[in-house]
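All remarks here apply to the structure that follows.
Right, here's the structure in full:
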C-alpha cells in the first residue's frame, strides 16, 4: 500500500470521527435546550402528582406517564391542554383528589385555567397561585381549603375567581377590587369576616359589580351588597331617629333596642332638657 493511500484513508477516518463527535454535541445541546425550556412545567406537574392523594391519584399515575414532555407532539396527558409547548389548562375537577395544592403550581408559568373544584383538597391556597401572571380562570370551589385568600395583584388578567364552599377565613383582600377584568367572583359559604371591599361591591358607574350571592354564607362578613344585614342596621337607626323626633322612646328603650340587634352602642349629645325624651 502506497504512502499516499494510507494518508487518504487516515484522513477519512478522522473526518468520520469528527462528524460523529459533532452530531453527538448537537444532540446533547438539543436535549439540554428542551429540558431547560420545559423544566418548569415538568416540575409543576410532577409536584401535583406527588402532592395529591385519594382515589383520583390512580388516574394521574395511569395517564400522566411517558418519557416525553406532555406538550410535545404525540404525548397527551388527560386533564391538560397545551399551547405553544406550554401547559395552559389544568382541569382536574371532580376527581376525588385529596391532599394539598403544591406551591410549585407556579412553575407552570403560562397557566391560564386551573380547575380543581369538587374534590377533597385541604390546606391553604398557595400564595404562588396569585403570582401566575397569565391566570385567567381559577376554580377551587367545593373543597376543604382553609386559611386566608392570597394576594392576586399580579394576576391582572384574571376573569374568574371561584372559591365558594370552602373553610376560608380572614378578610377579603382589598386589592381584589383592582382586578378590572374580573367578571365572576364567588366566596360564598366560607368563614370570612370583615367588610366587603367597596370595589368588589360597586362598579365605577355606581352599579352592583357582584351581588349578594357572591358573599352570602359568611357570618362575619358585612357591607353592601349584603342587603339583609345592611337593612337590618338601618332599620334600628330609623326607629331610634323616629323615636327621638317624636319623644316616644326613652334612652333606656334605645339602649335595649340596640342590644337586641347587636348594634354598637351610640351616644348622643342633646340640647335642652333630657327629660323631654322620656
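Numbering (mature numbering (1 follows the signal peptide of the UniProt record, and there is no 0)), first residue to last: -30 to -1, 1 to 248. C-beta: ideal position from N, C-alpha, C; glycine also.
Under the three-state DSSP convention, the category residue 115 falls into: coil
Within the stretch 129 to 183, ranges of the alpha helix (DSSP H) (whole runs, at least 4 residues): 168 to 171
In DSSP terms, what residue 108 is bridged to: 84 and 131
Paired residues, beta bridge with residue 22 - DSSP: 69
Among 124, 132 and 18, nearest to residue 145 - alpha-carbon criterion: 124
Rounded straight-line distance, which links the Cα of residue 194 to that of residue 89: 31 Å
Cα-Cα separation, residue 199 to residue 55: Only weak support exists for where residue 199 lies, its pLDDT of 48 falling under 50; the coordinates are left without a value.
Neighbour-count burial assignment, residue 245, 16 or more Cβ in a 10 Å radius: Low local confidence applies: a pLDDT of 47 at residue 245 is under 50, so the model's placement there is unreliable, with the coordinate-based value given in what follows. Looking at its Cβ environment, which holds fewer than 16 other Cβ atoms inside 10 Å, residue 245 is exposed.
Check whether residue 67 and residue 93 have beta carbons under 8 Å apart: no
Whether residue 149 touches residue 115 by CB criterion (8 Å): no
N- and C-terminal bounds of the beta strand (DSSP E) containing residue 53: 50 to 53
Integer Cβ distance of residue 136 from residue 109, believed to fall under 8 Å: Their Cβ separation, rounded to whole angstroms, is 11 Å, which puts residue 136 and residue 109 out of contact at 8 Å.
Pick from 47, 57, 72 and 142 that is closest to residue 105, judged by C-alpha positions: 57
N-terminal and C-terminal residue of the beta strand (DSSP E) that residue 90 is part of: 90 to 92
Local Cβ density within 10 Å of residue 11, reported as buried at 16 or more and exposed below that: buried
Alpha-carbon to alpha-carbon, residue 127 and residue 147: 13 Å
Nearest candidate by alpha-carbon position, reference residue 120, set 99, 71, 13 and 159: 99
Selection from 160, 53 and 151 that minimises the alpha carbon distance to residue 133: 160
Residue environment, residue 20, which counts as buried when at least 16 other CB atoms sit within 10 Å: exposed
Neighbourhood of residue 111 by C-beta, 8 Å cutoff - its chain only, sequence neighbours within 5 removed: 87, 88, 132, 133, 134, 135, 136 and 156
DSSP-derived helix/strand/coil call for residue 121: coil
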